[in-house]
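First comes the structure, then the notes that go with it.
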Amino acid sequence: METFKTNLSLRLSDELGKSANEKMTNIVLKLAETQPQDAFVSSCSAFGKFRPEFLLKIWSEVEELKKRPQVSVAPVASVNAPQPVKRARIELEAEEDDKTGQNRTSKLSSAAQKKLDEIRARRKVKGVSKRSKLQDGSDDVVEREIKRKETKPDVSQTIYNEDGSLREGTGGNKSDTRDKTRDRTGTKGQKGGTSSRSSTSSRHYNQEDLDVDREWYMNDEMGHQEDAWDDQVALEERTESKLKTVLSRRGNKMRENDLWEQNQMSGGGIVSGEAEQYDAMDEEDNAIYINVNNLIPPFLDGQQVFTRQKDPVSAVRDVQSDLAILAKRGSQLVKDKRQLRERQKQVKDASSTEGTVLGLVEEAEAKGEASADKNGVKNEVKDEVKEEVKKEGEVDTQVKLSPKEARTLLPAFAVRDPLLQVIQSNQVTIVIGETGSGKTTQLTQYLYEAGYAERGMIGCTQPRRVAAMSVAQRVSEEMEVTLGQQVGYAIRFEDHTSPATKIKYLTDGILLRETLTDPTLENYSCIIMDEAHERALNTDILLGLFRTILAKRRDLKLIVTSATMNSKRFSDFFGGAPTFTIPGRTYPVSVHHERAPVDDYVAAAVKKVLSIHVSSDVSTGDILVFMTGQEDITVTCEVLEERLKKDLDSPAPLMILPIFSQMPADLQNKIFNRAPPGVRKCIVATNIAETSLTVDGITFVVDAGYSKLKVYSPKTGMDSLQVAPISVAQAVQRSGRAGRTAKGTAYRLYTEHAEQEEMYATAIPEIQRTNLANTLLLLKSVGVSDLMKFAFMDPPPKDTIMASLYELWSLGAVDNLGNITKLGMDMSQFPMDPCLGKILLKSVDYGCSKEMLSVVAMLCVPSVFYRPPERQQEADSAREKFFVPESDHLTLLHVYTQWLHNKKSPVWCAKHFLHAKALEKAHEVREQLEQIMSSNKMPVESCGTDWDLLRKCICAGYFHQAARVHGLGSYRNLRTLVSTQLHPTSALYGLGYLPAFVIYHELILTSKEYMSCVTSVDPAWLAEFGSCFYVLKDRTGKVDFSRKRAGLERLLELDAKRREEKVEKKVEQKVEKKGPGMFRKRRGF
């Protein structure tokens, strides 16, 4: 039995993957001897994860041993045990050896020695001393067992008398006998003989002594009895195992806290080395992990060349220059204002009376005052403002000219005939004209009046959707026709044209998509590429395509317009095309530079505006200030108002008007209104006022010298808004805003040396600083297979093209040779990002296209949530009501569904802080996407409330943008290892725990790296859709095929079953409609 017990300990260690202690071995053996088969299996499962077949085998072997005639063997004796007990043990073991016919000791020594060799080898690899103790002491137990067996006296030479003394001639004293026995039995494989013992039949020892001896050996180090039925230690182990399941969430939280503390300490230089790797809880033994493999397709192995621009283009000309350093540092005044607002918010929150009795009283008083104002008690200041607006409107109405009369006053009217003659004589014409010269609104009408619309439409592309809509509205008014008939416009997800349309204003992206169905643009007779100097992405692609189209269509006219004088690039690109300049109504502008670099461009701009306002008369003109973004503009306006009240004594009235892209249209229109008499306007704007907006009356320009650029990093896959110095061409354009109505002055808040040495000559084209995945997919779909042969005016960087092609390959849009696939052709039908196109195609397979159309439509419009500065807490509370746990995508679906449920009510939107216009736009986008799917015969089906199926479908399009939790509140991209964070507005931010794996819509770098629109996913989905990136792993680091194979197969079976059920359902519906005769007809009956 001792041999079986030792072997059982080794087998238990192999089964558990760790050393099994002596207590566990005794318990298992005791249970196998006393319990039936089913009870034994269930009992052993309480303190170890054993396979049922392993336990059944152990139970069977114990049953076989019980059937054999056994001799009760006392436990292992120690040196301090009673001598009669030692003698009895030795005699009984010798008698058992006689019956089995072999030496049991030598057999055990061979097996145990093998185990000991393995233990020593493992210790040697780990650099641990051979004699060091393991934590659980199981290896020491094996060593002691081997030494005990090897030091057992040879029973063939040593015979005890009844009184416990040695028989003469059989050995010496006790220690000598043990030494001699060790010499004889220490050799591996040595066989021990048998001996007849006449004294065995005369054993007369006290049974009570044996019982006491056994009890002493059954005690552990703490004096507890190792009883399988009443073992406190075993009970505590079972309790601990159950508690692990209950406390797993708490353990995850503590682990995140510890990792965060270690990251903070390591960042401060306190801790060196890698952070401690925490193992998962026992209940997560079956969890899978992700191993990332960066597989490279054959066409991206570095042998093929895609572009002539090998190095990336930096947003800054010189990173060590003063302009670059100041741009990276930012404005200190803006930072101080931001901190002040945060402190004021904290004070306001701490002293808030909302929800208290005092708060209710104040709210009631406020409502009473509001009703009083409504009934006629007006504020005098409000009366004055309204009166001024009324007067202002009356003056504008009196001097406003009719559209036809206004046309004759534009500079383009004076050169109408010479311009048409140049266009008629050349296939390509470059037209240069400043903003406001009439080239956008009048050129299309001149061509229409000249008869070009008889052979096809006259198209005019615009880089912005708002410009296409507003210009089309203006031209329809001048021509006195209905918008959408003779004059129309087409932007993404909105087509306001008809078969009678002759003049069509459209975005460059729409015209690029029309080349998919009409490669030579047969529906057009003349196309105007307006605002080409902005070098938008789609504009550059169209210019390259036109070189091929014009060679096939000699009757097509192309007119490229620009607001700047760098027209030579366009002329050379089209083989020396002629240039026609429309003379402007500009006046001379004097330019002033700073003598030394400014430390804070916002503070310097405020100081310069106040200096202009104080030193010049109001009648000399208005002021235009160029800033970088919304926050800079807001701070500039606030500080100007504060300084006017505090630092100046009775200054002249100054109307401060901000303008940026996120402002409502009614507020933007205020800058075009005429100021009251004796009041000067100060407009603080972004670079939108460079060319897109024309404001009369500006004679002073304050140029900060910076703008925000959206720059794409192919290494991190992240879009970031960077504050960067403007170009020299932009500086000239900004200064020109001061000379439209009179002589002007431009103040540049940078040195003349910085303008010459630290600025680019022209702005960086968008094609060199943005993601090209969608653009390259379009080029592949129109037949451009070799990018080196495509006519780029400015080739994109190599890294950007490689990253975009790699993304298309991972999505399945191109094959291993770089050719477009059937999936890629289907994805190109949708006017959106390739990831969103794949989501829609995958939703057809999963039967959830109805819900996914809503999700994609909500992603294609600006954010539907808004947070007024004075009601941010209310807005956040309203937003939380729509949260769907672990998914921002499904949160958007919930918002859209509730909006439809409430009948698209604007009142409901205002109550829940939602943009009604954004939701209406999303609804229009969804309808157009549904039309595209219907035209391609894609069914639109609903999956109900199967949220997991929707999350899996979303994962199919964004598996390459996956991240894993890393530390407290942060994630790390699986492929690029870029650390990112959840945005505070995310539905996952306030869960109380972090999902292990997530996918995100995009990464945005502002003050931190934030993930936008996040959804938690199962790692098995990542491996299923992104097999080119991810491989499943188990806890040991081996590829996990056994544990998750069944789960993956089950998912596949469910998907196949669901598709089969849908097919059967459709067949049944057809049978019900047409009857059983349809099958007879099909089979020829």
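Heads up: the sequence shown runs through residues 275 to 1359, numbered per this note's numbering.
The C-beta atom is built at its ideal place from N, Cα and C for all residues, glycine as well.
1) Relative to the alpha-carbon of residue 717, which residue among 1016, 832, 1213, 1242 has its alpha-carbon at the smallest distance?
2) Provide the residue span of the alpha helix (DSSP H) that contains residue 691, from first to last.
3) DSSP state of residue 1151, grouped into three classes?
4) Span of the beta strand (DSSP E) holding residue 932?
5) Would you mind sorting residue 1330 into buried or exposed? The rule is 16 or more other CB atoms within 10 Å of its CB.
6) Please classify residue 1099: does DSSP put it in a helix, a strand, or coil?
7) Give the single residue among 737, 758, 766, 826 whose Cα lies nearest to the Cα of residue 807.
8) Which ranges does the alpha helix (DSSP H) cover as unbroken runs of at least 4 residues, wholly within the segment 1212 to 1290, from first to last along the chain?
9) Whole angstroms are fine: how far does the CA of residue 1154 sit from the CA of residue 945?
10) What distance in whole Å lies between the Cβ atoms of residue 871 and residue 1024, which are believed to be in contact at a cut-off of 8 angstroms?
11) Give me, in chain order, the residues of the same chain whose beta-carbon lies closer than 6 angstroms to that of residue 1362; leave out the 5 immediate sequence neighbours on both sides.
12) At 3 residues or longer, and completely inside the segment 1010 to 1045: list those beta strand (DSSP E) runs for me, N to C.
13) Beta-carbon separation of residue 605 and residue 876 under 8 angstroms?
14) Considering only their Cβ atoms, is the gap separating residue 1296 from residue 1160 smaller than 8 angstroms?
15) To the nearest angstrom, how far is the alpha carbon of residue 1089 from that of residue 1044?
16) Figure out for me which residue from 1096, 1132, 1133 has the closest Cα to the Cα of residue 1115.
17) What residue range does the alpha helix (DSSP H) around residue 739 cover?
18) Taking 7 angstroms as the cut-off, does the CB of residue 1291 come closer than this to any heavy atom belonging to the ligand GTP?
19) Straight-line CA distance for residue 602 to residue 759?
20) Where does residue 868 fall in DSSP's three states?
21) How do the segment 702 to 712 and the segment 840 to 851 stand: do at least 3 beta-carbon pairs fall below 8 angstroms, yes or no?
22) Measure from the alpha carbon of residue 863 to the alpha carbon of each residue in 725, 283, 797, 1013, then state which is nearest.
23) Where does the unbroken beta strand (DSSP E) through residue 728 begin, and where does it stop?
24) In chain order, what residues of the same chain have a beta carbon less than 7 angstroms from the beta carbon of residue 697, not counting five sequence neighbours either side?
25) Measuring straight from C-alpha to C-alpha, what distance separates residue 556 and residue 326?
26) Buried or exposed: where does residue 1061 fall if 16 or more other Cβ atoms within 10 Å of its Cβ makes it buried?
27) So residue 1126 and residue 1227 are supposed to be a Cβ contact under 8 angstroms. How far apart are they, rounded?
28) Residue 1123 and residue 1199 look like a contact to me (Cβ under 8 angstroms); what is the Cβ gap, rounded to whole Å?
29) When we look at the beta-carbon of residue 1275 and count the other beta-carbons within 10 Å, is it buried (16 or more) or exposed?
30) For a test of the three-state rule: what should DSSP assign to residue 959, helix, strand or coil?
31) Would you call residue 567 buried or exposed, if buried means 16 or more other Cβ atoms sit within 10 Å of its Cβ?
32) On the three-pair Cβ rule with 8 angstroms, is the segment 1067 to 1086 touching the segment 1129 to 1137?
33) Exposed or buried, residue 814, counting other C-beta atoms within 10 Å across all chains shown (16 or more means buried)?
34) Tell me the DSSP bridge mates of residue 987?
35) Among the candidates 1138, 1224, 744, whose CA atom is the shortest distance from the CA of residue 1191?
36) Tell me the DSSP secondary structure of residue 734 in three-state form.
Reading it off the structure:
1) 832
2) 690 to 699
3) helix
4) Note, residue 932: beta strand (DSSP E), 928 to 933.
5) Label assigned to residue 1330: exposed.
6) helix
7) 737
8) For the segment 1212 to 1290, whole alpha helix (DSSP H) runs of length 4 or above, ordered along the chain, are 1221 to 1232.
9) 36 angstroms
10) 7 angstroms
11) The first residue shown for the chain is 275 and the last is 1359, placing residue 1362 beyond what the model contains.
12) 1018 to 1022
13) Contact: yes.
14) no
15) Cα-Cα distance, rounded: 23 angstroms.
16) 1096
17) 739 to 753
18) Ligands are entirely absent from the displayed structure, and the ligand GTP is therefore not among its contents.
19) 50 angstroms
20) Coil.
21) yes
22) 1013
23) Per DSSP, residue 728 belongs to no beta strand (DSSP E) and is neither H nor E.
24) 703, 831, 833
25) Note that residue 556 scores 38 on pLDDT, short of 50, meaning its location in the model is unreliable; the coordinates nonetheless yield the value given after this. Computed Cα separation, rounded: 19 angstroms.
26) buried
27) 6 angstroms
28) Wrong, their Cβ atoms sit about 15 angstroms apart, outside the cutoff.
29) buried
30) Per DSSP, reduced to three states, the secondary structure at residue 959 is strand.
31) exposed
32) no
33) buried
34) Beta-bridge partners of residue 987 (DSSP): 992.
35) 1138
36) strand
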